[in-house]
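This report refers to the structure that appears directly beneath it.
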Amino acid sequence: MRLKNKIALVTGGGQGIGSGIAMKLAQEGVYVIVNDIHYENAQQIIEKIKQFKGNGVPYQADVTKSDEVEEMEKFVSKEIGDIDILVNNAGICKFAPFLETTEEVWDKIIQANLKSSFLCCQYFLPGMIKKRGGKIVNISSESGKRGSKGQSAYCASKFGVIGLTQVLALEFAPFNINVNAVCPGPIDTPLWEEMKTEFSVLYGLNVANYKDYFVKNYPISRMGTIEDVANGVLFLVLPESDYITGQSININGGAVFY
Ligand SMILES: NC(=O)c1ccc[n+]([C@@H]2O[C@H](COP(=O)([O-])OP(=O)(O)OC[C@H]3O[C@@H](n4cnc5c(N)ncnc54)[C@H](O)[C@@H]3O)[C@@H](O)[C@H]2O)c1
């Protein structure tokens, strides 16, 4: 219970990495607002949190839409209080060769992965400034550090998240607000169920054994787990990381060293 009485918003917390982060924070005593575009999924995570006597509330909003983020901020600050922790996790991914990446796909990915962080930071930072402190963790990716085949829009969005993280770290350090990113490698989440076929086609793999690619090509021979990422995020919101800001920390089994 190292974070008792803290309030956190986790975007895209209804499944996958976001759900693991939400539960990890709740285990440390944080009151967690679990945002998702799919309300029932967020509600289920809150039920799980309540099973271990944690606390929180589900909140449905599409974080690519400024009016919905604004409404969410009004609800949170009025009904719960200004947040201490913001985890910008919501995101989408699609593998497609560059020449087959339509303008529509490009816009959708940039909005879900980059604009969403911009909007949530714009609406929730004033509350943190009022509190004279806070921790923001943006979920970037290994694809925010190096290009990967078939991920032009995704890489552009995740490189963008790292740039945004660095700028916010500089601008808000005087208010005792730390802004960092984590860069996960391949993490075994429901996202891969959607992507495994297009990934396998593009990389010439047998879809039934696509995970073998990560076993062969990553120094730590496996996909990452949701817990691996949640542990990294927890460190970045604890007081132990108070002197760390503007960083983009790899959680990728040794795939990238910078
Ligand atoms: N799984 C991986 O291998 C991996 C690797 C690196 C980075 N990431 C990043 O981690 C984050 C989570 O990925 P995941 O694998 O858990 O994906 P996921 O698809 O399992 O979960 C993403 C969640 O975000 C929600 N979401 C999507 N768009 C939203 C929106 N506009 N508003 C609100 N909620 C929205 C979805 O409904 C879903 O619940 C993403 O930003 C992703 O890019 C994932």
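So for the sequence shown, our numbering puts the first residue at 3; every next one is plus one. Backbone N, C-alpha and C define an ideal beta-carbon position, used for all residues, glycine too. All values derive from a computational prediction rather than experimental measurement.
query	result
Could you round the C-beta distance between glycine 83 and isoleucine 9 to whole angstroms and report it? I think they count as a contact, below 8 Å.	6 Å
In this structure, how does DSSP classify serine 145 when only helix, strand and coil are distinguished?	helix
Count the C-beta pairs between the region 182-201 and the region 221-236 that are closer than 8 Å, then say yes if the count reaches three, no if not.	yes
With distance defined between alpha-carbon atoms, name the residue in Asn180, Ala114 and Phe97 nearest to glycine 135.	Asn180
Quick one: give me the first and last residue of the alpha helix (DSSP H) that asparagine 233 is part of.	228-239
Assess contact between the region 145-157 and the region 91-108, defined as three or more Cβ pairs (one per stretch) separated by less than 8 Å. Is contact present?	yes
Say whether the region 114-124 touches the region 154-165, bearing in mind that this needs 3 or more beta-carbon pairs closer than 8 Å, one atom from each stretch.	yes
Between leucine 166 and the rest of its own chain, which residues show a CB-CB distance below 8 Å, the 5 nearest in sequence each way excluded?	Leu116, Ser119, Phe120, Cys123 and Asn140
Would you mind stating whether proline 216 and glycine 256 have Cβ atoms separated by less than 9 Å?	Note on residue identity: the sequence assigns phenylalanine, not proline, to residue 216. No, they are not a contact pair.
According to DSSP, is asparagine 208 part of a helix, a strand, or is it coil?	coil
For valine 239, collect the residues of the same chain with a Cβ closer than 6 Å to its Cβ; drop the 5 residues on either side in sequence, then sort them by chain order.	Ile87 and Lys137
Tell me whether aspartate 214 is buried or exposed, calling it buried when 16 or more other Cβ atoms sit within 10 Å of its Cβ.	exposed
Based on DSSP bridge pairs, tell me the residues matched to serine 223.	In the DSSP output, where bridge partners are listed per residue, serine 223 has none listed.
Mark alanine 175 as exposed unless 16 or more other C-beta atoms lie within 10 angstroms of its C-beta, in which case mark it buried.	exposed
Closer than 7 Å by C-beta to phenylalanine 126: which residues in its own chain qualify, once you throw out the five before and the five after it? Chain order, please.	Leu11, Glu75, Ile85 and Leu88
Terminal residues of the continuous alpha helix (DSSP H) containing alanine 158?	154-174
In the region 23-100, which residue ranges form an unbroken beta strand (DSSP E) of at least 3 residues, counting only runs that do not cross its ends?	33-38, 57-62 and 87-90
Indicate whether methionine 38 and glycine 16 have their beta-carbon atoms separated by less than 9 Å.	The sequence shown places aspartate at residue 38, rather than the methionine named in the question. Cβ atoms of aspartate 38 and glycine 16: closer than 9 Å.
Near glycine 18, which residues of its chain fall below 7 Å by C-beta distance, leaving aside the five closest residues on each side in sequence?	Thr191, Pro192, Leu193 and Ile228
Between glycine 93 and serine 250, which are expected to be in contact by the criterion C-beta below 8 Å, what is the C-beta distance as a whole number of angstroms?	At roughly 15 Å, the Cβ-Cβ gap does not stay under 8 Å, so glycine 93 and serine 250 are not in contact.
Following the continuous beta strand (DSSP E) through serine 250, name the residue where it begins and the one where it ends.	250-253
May I ask you to check if the CB of isoleucine 94 is nearer than 8 Å to at least one heavy atom of ligand 1?	yes
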